[in-house]
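In the numbering used here, the protein residues as written are 27 to 600.
We treat Cβ as the ideally placed atom computed from N, Cα and C, and that holds for glycine.
For reference, the structure discussed in these notes is given below.
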Amino acid sequence: MSWFFGIFGEFQTDEIEKISRICPQPLYNFEKENYKILAGGFGKTLYHSQNIDTSWVVCGVGISHSDKNFSLYDSRSWDEILSKPQLNTLPINGHYVAVIYSKQHIYCFTDKLGLRNIYISKTGKNIVFSTRLDWLAKFRGNCSFNLAETANRLFLGDMPTEGCIIKGIERLTAGGSVYIKKNNISILHNKWLPESVPNIGINDCDTLLQKFVSLPRNIDSKLSFGLSGGMDSRYLFSIINSSCIKDWTAFTFGSIYYPDSRIASEICKLYNIPHFIPEQPKMQPDEFMAAMREFAGSMQFSKPISAFLDIDIRNYISFSNNNVIVMDGGFGEILRRGLYNRLLIKGKKSILKKEPKSLLNSLIRNTGNTFIKDEVLRSMKKSLIMIVSKMLDTMPPAVSFGIENWLDLFSVRVKIAGALALEQSRLDSTAISLTPFMQPEIINLAFSLPLDLKINSKMMRESIRKFTPKLGTFPLVKDNIFYPYILPTKLSKAYLKFKSKLKTPIVDNNLNELLNGTREFVMDTVSSISVQNFDLYDTVRIKHAAESYYSGNKKYGKFLNHWLAFELFRQEIE
């Protein structure tokens, strides 16, 4: 990913040497008597400038929007903003973190939704900050887990908080900023709220998206679209196809025999759009372990470890080498009331009455057998009530805001600043990857759309019917199951539930490949002193799961998948 690592204060030579050992070879390295900044990664998502009084570094992408088009901020446009005393004209759209620094102070900030995060910590007479939590934790040393925030990630999927999973480290996200002077840190958190836009309809949404997907053309780049079999992806395909964009391509990850790949291939063939399936690159054992560790360190056990094979980051290298901008339909559910609908049934009363304990019961995820000790688990789950309570206090009252709008705002805060932010950081290491539905301007419009246009994907279906009506003849795909395009939301869920019971589950070959290829490593790790002495682990359960899996009981694969993600992250911060 594009990254930076900085230290401010009274640091010594050995501390600078330690930073250099932790970070990869930087593209930018600047040092004064009281601060040092290193930055690196993918050059097209890294910007920097050294001025006489004030210098700056930006990781990620800022997006400007004029009356006619969207475009990317370049170094000159960033400099025009960041060199001024007042930052009133920061990009509304995009995903980025920035640091502005001088001899007297350091100022850091993030994009409005928190698609990129910054981590800050005091260490002795210094303050250190970075886009990488694992590197910062390794620099601090002797780190321990914040049990409440660890439980938040393991069982809630990251409730919206500014907490960090490592004690002694602050996390800056979602429009936050931090001012560092001498040995003091002042942090401002800024929760995003939508602004009402009157008289919004289908055409407004289509027009805004058509302008956005034309962004690559405006900067002389090509567009490659990640097409799947879902409704959101199909709607965005329709928008792109209606925008008179030339020479664009589509791609799909996964086997050519998977339903997503089959449908995507047929759709592209009908509309004469080049379509390809990136090949999984072959790795030597040492490369495999290095890639797995890098994934674990950057993703902070927000995903199981096998996920790094689902979308290997190296698949994006061809895009960066060919001046391509990648887009996909992720988070399109925001335009069709498709997120956290289960809470409309199970959690509505708890939300309206602001009852954290009963809401927690509706939110907590069933993770199956866990690798955490039972007594620690009980303590963790008690702490979740406080996290849910704080979340309810920071959300607008559902009674006046509307339960549907409340759930959509909750979705924005939970999903974007959590796992999606970590994934975006990974993608920034190899390509410019943009997701239209995760832009504040488009999400803001989604909140102003009439509810009846969002339910049952009415707006999306009408736009598809208008631009590319033949797309309605192809079935949709979810969880590797085909289902009829015409079915409304409730009927499609019932259909999928019924079909999933009849269908032979697709074997997770990636997980089996990973665990079989790392058998010796897994078993050595299970029996290591480090694991046996770690006070959070139920080592008896972990050993039983590993021995059972390698004896042929594959049901323990899920357990090992999640435990290995956690354990490798733990190793990466030691």
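Opposite residue i in the DSSP bridges: which residues?
i    : result
Y145 : S156, R197
E320 : Note: E320 sits in no beta bridge, so no partner.
A290 : Looking at the DSSP assignment, A290 forms no beta bridge with any residue, so it has no partner.
N55  : L64
A276 : F251, H301
Y509 : L502
M353 : F251, L460
S203 : F135, L214
I192 : F171
Y563 : I398
Hey, quick one: how far does the beta strand (DSSP E) through residue i stretch, first residue to last?
i    : result
T456 : Run containing T456: none; DSSP gives neither H nor E here.
K208 : K208 -> no beta strand (DSSP E), and no H or E assigned at all.
I126 : 119-127
F181 : Counting along the chain, F181 falls outside any beta strand (DSSP E), and DSSP gives it neither H nor E.
T136 : 131-136
L72  : 72-75
V84  : 81-91
L98  : 96-98
W104 : Per DSSP, W104 belongs to no beta strand (DSSP E); it is in the alpha helix (DSSP H), 101-108.
Could you check which residue in the options has the C-alpha nearest to that of residue i?
i    : options                : result
T515 : I33, D478, M549        : D478
F34  : D137, S156, S109, Y73  : S156
W274 : N77, R142, N298        : N298
P501 : Y509, L586, N210       : Y509
S109 : L98, H91, F135, W82    : W82
L386 : N60, G183, D400        : G183
F238 : G189, K519, I351, N482 : I351
R597 : L365, D286, A316       : The displayed chain sequence assigns Gln, not Arg, to residue 597. It is A316.
I63  : S92, H131, P242        : H131
S376 : S92, L471, A177, L418  : L418
M353 : K248, L141, M318, I390 : K248
V440 : A65, F37, F30, K217    : K217
I228 : Y133, N506, R491       : R491
M485 : I360, F181, G69, N60   : I360
T420 : L389, Q51, N168, L435  : L435
W161 : N536, S426, P50        : P50
F595 : A322, M185, R102, G373 : A322
I206 : V125, V566, P311, Y511 : V125
F56  : N506, R142, E313, F31  : F31
L540 : K525, Y575, L159       : Y575
State the CB to CB distance for the pair residue i and residue j, rounded to an integer number of angstroms; the pair is presumed to be in contact (CB under 8 Å).
i    : j    : result
D100 : S75  : That belief does not hold up - the Cβ atoms of D100 and S75 are roughly 11 Å apart, past 8 Å.
S28  : S455 : 7 Å
I469 : V438 : 6 Å
A290 : G255 : 7 Å
D564 : K329 : About 22 Å; that fails the 8 Å criterion.
I191 : N587 : Their Cβ separation, rounded to whole angstroms, is 19 Å, which puts I191 and N587 out of contact at 8 Å.
G355 : D232 : G355 to D232, Cβ: 14 Å. No contact.
Count the other CB atoms, across all protein chains shown, that sit within 10 Å of the CB of residue i; report buried if there are 16 or more and exposed otherwise.
i    : result
G67  : buried
I282 : exposed
G498 : exposed
D286 : buried
T278 : buried
I555 : exposed
C270 : exposed
D137 : buried
T39  : exposed
T461 : buried
V84  : buried
A443 : buried
T176 : buried
A174 : buried
G364 : buried
D79  : exposed
S483 : buried
S240 : buried
Over the uninterrupted alpha helix (DSSP H) stretch that includes residue i, give me the two end residues.
i    : result
V548 : 545-552
A443 : Per DSSP, A443 belongs to no alpha helix (DSSP H) and is neither H nor E.
S269 : Per DSSP, S269 belongs to no alpha helix (DSSP H) and is neither H nor E.
G583 : 583-598
I377 : 374-379
M417 : 400-420
V239 : 228-239
I555 : 555-558
M485 : 484-493
F436 : 429-437
I33  : Segment 29-35 is the beta strand (DSSP E) holding I33; no alpha helix (DSSP H) there.
L471 : 466-474
L386 : 382-389
Using a Cβ-Cβ cut-off of 8 Å, state whether residue i counts as contacting chain C.
i    : result
E313 : Although the question refers to chain C, the structure presented lacks it and comprises just one protein chain.
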